[in-house]
Amino acid sequence: MDYRNPIPTVDIIIELRDRAERPIILIERQNPPYGWALPGGFVDYGESVERAAIREAQEETSLDIELIEQFQVYSDPQRDSRKHTVSIVFIATAVGTPQAADDANNLQVFPLWEIPNNLCFDHNQILTNYRHYRHYGCRPNLIGFSMGR
Numbered sequence: 047m048d049y050r051n052p053i054p055t056v057d058i059i060i061e062l063r064d065r066a067e068r069p070i071i072l073i074e075r076q077n078p079p080y081g082w083a084l085p086g087g088f089v090d091y092g093e094s095v096e097r098a099a100i101r102e103a104q105e106e107t108s109l110d111i112e113l114i115e116q117f118q119v120y121s122d123p124q125r126d127s128r129k130h131t132v133s134i135v136f137i138a139t140a141v142g143t144p145q146a147a148d149d150a151n152n153l154q155v156f157p158l159w160e161i162p163n164n165l166c167f168d169h170n171q172i173l174t175n176y177r178h179y180r181h182y183g184c185r186p187n188l189i190g191f192s193m194g195r
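Just so it is clear: in the sequence shown, position 141 is 187 by my numbering, and no numbers are missing.
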């Protein structure tokens, strides 16, 4: 029997703790889908999601990060037009000057309330939930999600 399973990914909300108001880093993707995105990528076989988050952040931003917490899991089958992925989103901190590398064409530091509109994947929803969490201290409400929806 041929099984098709979602592919695990990680996304990292990196707060720069050495700057006022802790802005976050977004990368401009070098590969399709194009646009702004959180740093992140696929989990390698034999790799923990935590290690994948640290590796992807370093590869794309040239920063060593400290994972603070696992924020949320996003698994809408339509979240990535290329294939069904499940993203484990982490909140992390870093200090220093980020530099675009690997498959990041560019990167920019954004105040949390000045995020661009052309975000890839479901990153607009992730960052909306994150802003709500940072402002009110509440995680996303999952009521209304159930089997078959």
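Ideal placement from N, C-alpha and C gives every residue a C-beta, glycine not left out.
Fair warning: this is a prediction, and the values are worked out from it, not measured in the lab.
Under 8 Å, do N152 and E74 count as touching if we go by C-beta distance? yes
>> So the candidates are R68, A83 and D149; which of them puts its Cα closest to the Cα of F167?
In response: A83
- Query: S127: buried (16+ other C-beta within 10 angstroms of its C-beta) or exposed?
  - Reply: exposed
* By Cβ distance, which residues of its chain are closer than 7 Å to K129, with the 5 residues on each side in sequence left out? -> Excluding residues within five positions, the ones whose Cβ falls inside 7 Å are I53.
According to the Cβ coordinates, are L109 and G142 closer than 8 Å? yes
Quiz prompt | Inter-residue CB distance, A150 and E106 (contact presumed, cutoff 8 Å) | solution = 4 Å
Q) Distance, Cα to Cα, R195 vs N187? A) Because the pLDDT at R195 is just 45, under 50, the model does not fix this residue reliably, and the value given afterwards should be weighed accordingly. So the two alpha carbons sit approximately 15 Å from each other.
Discussion item. Given a cut-off of 8 Å on the beta-carbon distance, is the pair A103 and P79 in contact?
Written reply: no
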